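Quick notes on the structure that follows.
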Amino acid sequence: MVRSGCRPDYVTFIGLLFACSHAGLVDAGRAHFRSMQAEHGVAPGPDHYACMVDLLGRAGRLDEAMDLLNRSTTRLDATVWKALLGACRTHGNAELAEQAAEMVWRLDPTDAVPYVMLSNLYSRARRWADVARIRTLMKSRGITKEPGCSWVGVNGVTHLFYVEDRGHPRTEEIYRKVEEMMGRIRAEGYVADTDWALQDEGPEGREKGLAYHSERLAVAFGLLAVPAGAPIRVFKNLRVCGDCHAAIKMIAKAYGREIILRDANCFHHMKDGVCSCGDYW
């Protein structure tokens with residue numbers, strides 16, 4: 019681009035850093051970030067810092083990401099700190115996650131995302147007292163989590179599902195398909211990760227609750243209604259949970275289908291048991 023006489027701008031570097039992040043090119047990403055202002059006169063903004071956090075987070079370099087943000091003279095928004103919080107969730111770094119959550123709350127005290135992500139992280143670490151503390155904190159501050167829902171479009175009609183939803187005209191078929199899906203992937207080695215479920219239920223209830231998450235109901239309906247050979251496209255308003263992500267990858271392989279799930283964070287293109295996100299989202 020430079021050799022052709024085109025001058026890179028703010029958006030150019032977002033694309034460049036995003037590409038480095040998803041390709042795992044940490045050194046190249048760092049070099050491009052440093053060159054922005056030094057060589058091209060482009061001041062890095064919150065979008066670039068979010069890309070750098072994603073880049074370093076994917077590589078497990080969370081302390082380096084935090085140091086980068088602490089040294090920044092740019093006014094950072096909540097998106098940047100939520101990117102760090104997501105990386106901490108993935109790598110199980112509770113201490114740094116708490117710092118990132120505090121920064122989000124300073125910018126937007128009503129944002130429910132840090133509460134949910136901290137609760138998920140504590141749940142994964144089996145820190146039940148901390149899970150309860152976060153729930154109590156949410157209640158005392160009047161924070162409510164947005165209900166999760168998923169939808170799939172078939173023949174121009176959008177079909178919407180909530181957790182354990184029984185409002186669809188084809189509910190009985192959908193639930194039978196869910197049972198069939200779960201049976202198939204269990205035969206392939208799937209074991210439910212119940213740390214992603216509500217902990218106020220028993221083990222059997224937690225596993226059953228996971229099976230009827232909205233995205234699995236949408237996938238089940240997609241298997242029933244979307245013609246063979248066509249991709250099943252599911253949308254979710256929140257971030258997909260880790261157990262659903264693992265299950266849907268296996269469902270895609272078991273049924274020989276492409277499943278494209280767009281959650282609140284990214285596109286997940288699942289095929290043959292593999293996801294395009296590289297299991298980092």
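Just so we're aligned: 220 in this note's numbering is position 202 of the sequence shown, and the numbers increase by one with no gaps anywhere.
Ideal placement from N, C-alpha and C gives every residue a C-beta, glycine not left out.
Remember, predicted model here, so these are calculated numbers, not experimental data.
- With 16 as the cutoff for other CB atoms within 10 Å, does M288 come out buried or exposed? Working through the sequence shown from its first residue, we reach residue 288 at position 270. Using a 10 angstroms sphere on the CB of M288, the tally of other CB atoms reaches 16 or more, which defines it as buried.
- Task: Run the CB neighbour count on V237, radius 10 Å, all protein chains shown included, and call it buried at 16 or more, exposed below.
- Result: Here residue 237 refers to the residue found at position 219 of the sequence shown. Around the CB of V237, 16 or more other CB atoms lie within 10 Å, so the residue is classed as buried.
- Could you spell out the range, first to last residue, of the alpha helix (DSSP H) harbouring M19? Residue numbering aside, residue 19 sits at position 1 when the sequence shown is read from its first letter. Here M19 belongs to no alpha helix (DSSP H), and DSSP marks it neither H nor E.
- Task: Check whether the Cβ atoms of V149 and S158 lie closer than 8 Å to each other.
- Result: Translated into the one-based positions of the sequence shown, residue 149 becomes position 131. Translated into the one-based positions of the sequence shown, residue 158 becomes position 140. In this structure, S158 does not lie closer than 8 Å to V149 by Cβ.
- Message: Taking the alpha carbon of E120 as the reference point, which residue from S168, L139, N138 and A96 has its own alpha carbon closest?
- Response: On the sequence shown, position 102 is the one that residue 120 refers to. Minimum Cα distance to E120 is reached at A96.
- What do you reckon, are the CB atoms on L102 and A118 nearer than 8 Å? Here the question's residue 102 lines up with position 84 in the sequence shown. Here the question's residue 118 lines up with position 100 in the sequence shown. The answer is yes: Cβ separation under 8 Å.
- Message: If the criterion is Cβ atoms closer than 8 Å, does the pair S232 and F179 meet it?
- Response: Within the sequence shown, numbered from 1, the residue matching residue 232 stands at position 214. Within the sequence shown, numbered from 1, the residue matching residue 179 stands at position 161. Yes. Within cutoff.
- Task: Leaving aside the five residues before and after A282 along the sequence, list all residues of the same chain whose C-beta is less than 8 Å from its C-beta, in chain order.
- Result: Taking the first residue of the sequence shown as position 1, residue 282 is located at position 264. Around A282, the same chain offers K254, N255, L256 and R257 as residues with beta carbons nearer than 8 Å, after the five sequence neighbours per side are excluded.
- Message: Determine whether the beta carbon atoms of T83 and A112 lie at a separation below 8 Å.
- Response: Here residue 83 refers to the residue found at position 65 of the sequence shown. Here residue 112 refers to the residue found at position 94 of the sequence shown. Checking the displayed sequence, the identity of residue 83 turns out to be Ala instead of Thr. No, Cβ-Cβ distance for A83 and A112 is not below 8 Å.
- Message: How far does the alpha helix (DSSP H) with C262 in it extend, from its first residue to its last?
- Response: If you number the sequence shown from 1, residue 262 lands on position 244. DSSP places C262 inside the alpha helix (DSSP H), whose first and last residues are G260 to Y273.
- Message: Taking 8 Å as the threshold (beta carbon to beta carbon), is H109 in contact with chain C?
- Response: Of the protein chains in this structure there is only one, and it is not chain C.
- Item | Beta-carbon proximity of L235 to D183, cut-off 8 Å | On the sequence shown, residue 235 is found 217 positions in, with the first residue counted as 1. On the sequence shown, residue 183 is found 165 positions in, with the first residue counted as 1. If you check the CB distance, L235 and D183 come in under 8 Å.
- Short check: CB of L139 to CB of G110, under 8 Å? Locating residue 139 in the sequence shown gives position 121, counting from the first residue. Locating residue 110 in the sequence shown gives position 92, counting from the first residue. Using a Cβ distance threshold of 8 Å, L139 and G110 count as a contacting pair.
- By how many angstroms is the C-alpha of V244 removed from the C-alpha of D290? Taking the sequence shown and counting its residues from 1, one reaches residue 290 at position 272. Taking the sequence shown and counting its residues from 1, one reaches residue 244 at position 226. Whole-angstrom Cα-Cα distance: 18 Å.
- Query: With 16 as the cutoff for other CB atoms within 10 Å, does G33 come out buried or exposed?
  - Reply: For this step, residue 33 is matched to residue 15 along the sequence shown. Looking at its Cβ environment, which holds fewer than 16 other Cβ atoms inside 10 Å, G33 is exposed.
- Task: Answer yes if the stretch 192 to 203 comes into contact with the stretch 120 to 135, meaning at least three C-beta pairs across the two stretches below 8 Å, and no otherwise.
- Result: Cβ pair count under 8 Å is below three, so no.
- My understanding is that V252 touches V170, with C-beta atoms under 8 Å, so please give their C-beta distance in whole angstroms. Counting from 1 along the sequence shown, the entry for residue 252 is found at position 234. Counting from 1 along the sequence shown, the entry for residue 170 is found at position 152. With 8 Å as the limit, V252 and V170 qualify as a contact, their Cβ atoms being about 5 Å apart.
- Message: Can you tell me whether T189 is helix, strand or coil according to DSSP?
- Response: Reading the sequence shown from its first residue, position 171 is the one you call residue 189. The DSSP-derived three-state label of T189 is helix.
- Message: Using only CA atoms, which one of V181, H177 and E198 lies nearest to R188?
- Response: As a working note, residue 188 is residue 170 in the sequence shown. Among V181, H177 and E198, the Cα nearest to that of R188 belongs to H177.
- Task: Return the chain-ordered ranges of every alpha helix (DSSP H) run that is complete within the stretch 127 to 189 and spans a minimum of 4 residues.
- Result: Secondary structure in the stretch 127 to 189: the alpha helix (DSSP H) runs of 4 residues or longer, each lying completely within the stretch, are 131 to 142 and 146 to 159 in chain order.
- Message: By the DSSP assignment, the alpha helix (DSSP H) with H40 in it spans what residues?
- Response: For the purposes of this step, residue 40 is identified with residue 22 of the sequence shown, where counting begins at 1. Y28 to A41 is the extent of the alpha helix (DSSP H) around H40.
- Helix, strand or coil for V252 per DSSP? The residue you call residue 252 lines up with position 234 of the sequence shown. V252: strand per DSSP, three-state reduction.
- Query: So, using beta-carbon positions, are D300 and W299 closer together than 8 Å?
  - Reply: The shown model of the chain, from 19 to 299, leaves out residue 300, and the question about it has no answer.
- Item | Candidates E225, I161, P64 and R202, of which the one nearest D211 by Cα | Locating residue 211 in the sequence shown gives position 193, where the first residue counts as 1. Of E225, I161, P64 and R202, the residue nearest in Cα terms is E225.
- Message: Give me, in chain order, the residues of the same chain whose beta-carbon lies closer than 7 Å to that of V134; leave out the 5 immediate sequence neighbours on both sides.
- Response: Mapped onto the sequence shown, residue 134 falls at position 116. The residues are K163.
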